[in-house]
Amino acid sequence: MTVIKLTTQAYCKMLLHAAKYPHCAVNGLLVAENQKRKDGQPVLCVDCVPLFHGTLALAPMMEIALTLIDTWCKENKYVIAGYYQANERIKETRPNQFAEKVAARIAENFSEAALIMVDNSNISMGCYDPAISVFEHHDNKWKCRDASIDCCEDWSEAQKIMSALLEDRSYDSLIDFDNHLDDLRNDWTNPEINKSILYLC
Amino acid sequence: MASVSDMYDVTWEEMRDKLRKWREENYRNSEQIVEVGEELIQEHASKLGDDIWIIYEQVMIAALDCSRDDLATTCLHELQKQFQGSHRVKRLAGMRLEALERYDEALKMYNDILQDDSTNTAARKRKIAILKAQGKSTEAIRELNEYLEQFVGDQEAWHELAELYINEHDYAKAAFSLEELMMTNPHNHLYCEQYAEVKYTQGGIENLELSRKYFAQALKLNNRNMRALFGLYLSASHIAASPKVSAKVKKDNVKYAAWAASQINRAYQLAGHGTKETKCSLKAVEEMLESMQIMPS
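Protein chains in written order, with this note's numbering: chain A, 1019 to 1219; chain B, 349 to 645.
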């Protein structure tokens, strides 16, 4: 079974999104490079596009976001490879029907798509543990992957940088698709945050 | 650690006014409120006059959001000293217990308030909030419906109900709650737009047509609502593409979709100012609109 891994940039932006809106549910997409992979090579999610916060389970804006980001992906030789969601309640870590639907839609285009649920209770300044659970599609169901499998390409780097970003309150400047819809000048590719992460690497 | 007034070069009056703005517009930027409010309370309490009590309340709630129980308790104690026996302060004490997940004790506080005053809406709403926090969505919805039978004009409650229904994927009931809001707030473009989104999510030609109408209505109320513009484009495109509609309906919707598409393009161009990133966005939007283009038959 192909394994999904995340780069530091993908992991950090995802958690920054959750940290920016602690009182809301948030969701977003993960993208991977569109290239032929050898057998056994993991799918590497290189970036994350934060989508919405608050009321997630409505279709129209999700459709717009998926289409627009799909086009952006094609231009940058990426492919949408996964969907993440952080639920509103701290103890709720299971994906809901909407999450499964979106992930299934992504899987139609990319068979090894992953559904990632953010574990809110594991988000801390020290970032001691990876704060996510990865779900994979088996026999029409989404099953949680063994937590002992490393989810990040380089966990110690991700941990160090995530901690620094949280200290800096970088989440204040994170732009999600909702922010973009509020003001088109807001850039959901987050180039400034990408630069900060690169600088910290 | 530099003070807020040093870092941002603001006076205490500006800090107090900012807090008022956030209070009046119901912002939940708790970290900022704590930062500004704590300094205001510690350094400038004597200058605030009677404003200080409402600031204590605002900062206390923000402190609960940020797990600053120390600050929350300080504010609570000041309020308890000043307003002994007040229900409003008792509700705040209950909220602190909620933040500490001591729900049973919090419930007892709210029930005490309600025994004294059965019409206290704040206490009733906190009880529903506890159900929501505990994940008991069905009970929360039931209690909220009962509450609304009595307090039919409570906008905040209707909106909360709509969101609870959306999270449970019960779009029909969510639509009903939003209809209540639209009736009492006919000029609010956000309710129109959210109603249209719910209708679209429900699916089916009739709901799509309704959704298109309400996206259009939202645009009429606020012609800069991008969600309404995108929604109009999507719903019109889907109706035009459906095999179940007449040729006239198809033709009309192709027109609506084309108009919306040109408006979307224009909006992106206006926002673009020719910067590199937005050029890329603009191209992506153009291609997206092309890829969704419905060929008139």
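Ideal Cβ placement from N, Cα and C applies to all residues, glycine included. Since the model is a prediction, treat every value here as computed from it, not as a measurement.
In this structure residue 573(B) does not touch residue 535(B) by the C-beta definition: roughly 13 angstroms separates them, more than the 8 angstroms allowed.
Per DSSP, residue 443(B) is not a residue of any beta strand (DSSP E); the alpha helix (DSSP H) it occupies stretches across 435-447. Shown here, residue 1132(A) sits in a strand according to DSSP, grouped into three states. When DSSP reads this structure, residue 1114(A) sits in no beta bridge, so it has no partner.
The three-state secondary structure of residue 592(B), taken from DSSP, is coil.
Using beta-carbon distances, residue 1051(A) does not count as an interface residue toward chain B, since no partner is under 9 angstroms.
Of all C-beta pairs linking the stretch 363-372 of chain B to the stretch 1033-1046 of chain A, fewer than three are shorter than 8 angstroms, placing the two stretches out of contact. Residue 586(B) sits in a helix when the DSSP states are folded into three classes. DSSP places residue 1155(A) in the uninterrupted beta strand (DSSP E) bounded by 1150-1156. Secondary structure within the stretch 499-523 of chain B: the alpha helix (DSSP H) runs of 4 or more consecutive residues, fully enclosed, are 503-515 (chain order). Per DSSP, the beta bridge partners of residue 1045(A) are 1070(A), 1103(A).
Beta bridge pairing from DSSP links residue 1051(A) with 1096(A).
Comparing C-alpha distances from residue 1209(A) to each of 1147(A), 1027(A), 1079(A), 1059(A) shows the shortest one belongs to 1027(A). Per DSSP, the continuous alpha helix (DSSP H) segment holding residue 1030(A) begins and ends at 1026-1038. At a cut-off of 9 angstroms between beta-carbon atoms, residue 568(B) makes no contact with chain A. For residue 549(B), same chain residues with a beta-carbon under 6 angstroms away, outside a window of 5 residues either side, are 519 in chain order. Contact between the stretch 600-616 of chain B and the stretch 577-590 of chain B is present, with at least three C-beta pairs closer than 8 angstroms. Nearest in C-alpha terms to residue 405(B), of all of 392(B), 395(B), 394(B), 386(B), is 386(B). In the DSSP assignment, no residue is bridged to residue 461(B). Listed along chain A, the residues sitting closer than 7 angstroms to residue 619(B) by beta-carbon distance are 1202, 1203. Comparing alpha carbon positions, the residue from 1100(A), 1068(A), 1110(A), 1206(A) closest to residue 481(B) is 1110(A). Here DSSP, grouped into helix, strand and coil, assigns residue 556(B) to helix.
For residue 489(B), the closest Cβ of chain A is not nearer than 9 angstroms. Residue 485(B) and residue 472(B) have their C-alpha atoms some 16 angstroms from each other. Contacts between residue 1116(A) and chain B, judged by CB atoms closer than 8 angstroms, involve 517 in chain order. For residue 1075(A), the chain B residues whose Cβ falls inside 8 angstroms of its Cβ are 514, 515, 517, 549, in order along the chain. Contact check for residue 1195(A) against residue 1068(A) passes: the beta carbons are separated by less than 9 angstroms. The alpha carbon of residue 1066(A) has as its nearest neighbour, out of 1041(A), 1089(A), 1034(A), the alpha carbon of 1034(A). Take residue 492(B), set aside five residues on each side of it, and the residues of its chain with a beta-carbon closer than 8 angstroms to its own are 476, 505, 508, 509, 512, in chain order.
Not a single C-beta of chain A is nearer than 9 angstroms to the C-beta of residue 350(B).
In chain B, no part has a C-beta under 8 angstroms from the C-beta of residue 1148(A); the shortest such distance is about 22 angstroms. Legend: CB atoms of the stretch 552-582 of chain B lying less than 7 angstroms from CB atoms of chain A belong to residues 574, 575, 578, 579, 582.
With the criterion set as a beta carbon lying under 8 angstroms from some beta carbon of chain A, the members of the stretch 397-425 of chain B are 413, in sequence order. By the beta-carbon neighbour count (other beta carbons within 10 angstroms, threshold 16), residue 438(B) is buried.
Counting only unbroken stretches of 4 or more residues, the alpha helix (DSSP H) elements lying wholly within the stretch 472-499 of chain B are 485-498, in sequence order. For the pair residue 376(B) and residue 1216(A), the Cα-to-Cα distance works out to about 31 angstroms.
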